[in-house]
Amino acid sequence: RWEHLASIRSLHPGYVFCDLDGLPPTGELRRQGAKLVVFEVRHAAVALALWERGVDLIETFAVGELLGELCHVRDPRP
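My numbering applies: residue 612 is where the sequence shown begins, and numbers increase by one.
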């Protein structure tokens with residue numbers, strides 16, 4: 612769970628895995644020192660919102676559906 616992050620940080624992990632439901636609903640998620648991986652992400656809009664908040668990697672059980680949704684998303688960067 613996200614609230615355990617401070618104690619986990621003392622281990623200096625390369626990656627921190629967190630269930631989507633364990634994240635705070637808003638705010639920056641990026642942390643120094645470890646890649647943040649969020650699992651159980653099903654929809655492109657959620658994946659992109661997590662990326663904007665600082666998540667490095669996502670895992671999904673709905674690969675085909677997520678890829679299909681991402682094919683219809685335009686890159687907002689110039």
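For each residue, glycine too, the CB sits at the ideal point set by N, CA and C.
For this session: Give the C-beta separation of Val652 and Glu670 to the nearest angstrom, bearing in mind that I take them to be a contact with Cβ-Cβ under 8 Å.
Result: Separation of the CB atoms of Val652 and Glu670 is rounded to 7 Å, and the pair is thereby assigned contact status at 8 Å.
Exercise. Applying the criterion that 16 or more other CB atoms from any shown protein chain within 10 Å of the CB defines a buried residue, is Leu658 buried or exposed?
Worked result: Checking the sequence, you will find Ala at residue 658 rather than Leu. Classification for Ala658: buried.
Problem set entry | Collapsed DSSP secondary structure at Val627 in the structure displayed | If DSSP states are grouped into helix, strand and coil, Val627 belongs with the strands.
Exercise. Nearest CA to the CA of Pro636: which residue from Ser618, Cys682, Gly679 and Leu661?
Worked result: Of the listed residues, the one whose Cα sits closest to Pro636 is Leu661.
For this session: Compare the beta carbon distance of Leu647 and Asp667 with 8 Å and say whether it is the shorter of the two.
Result: Going by C-beta atoms, Leu647 is nearer than 8 Å to Asp667.
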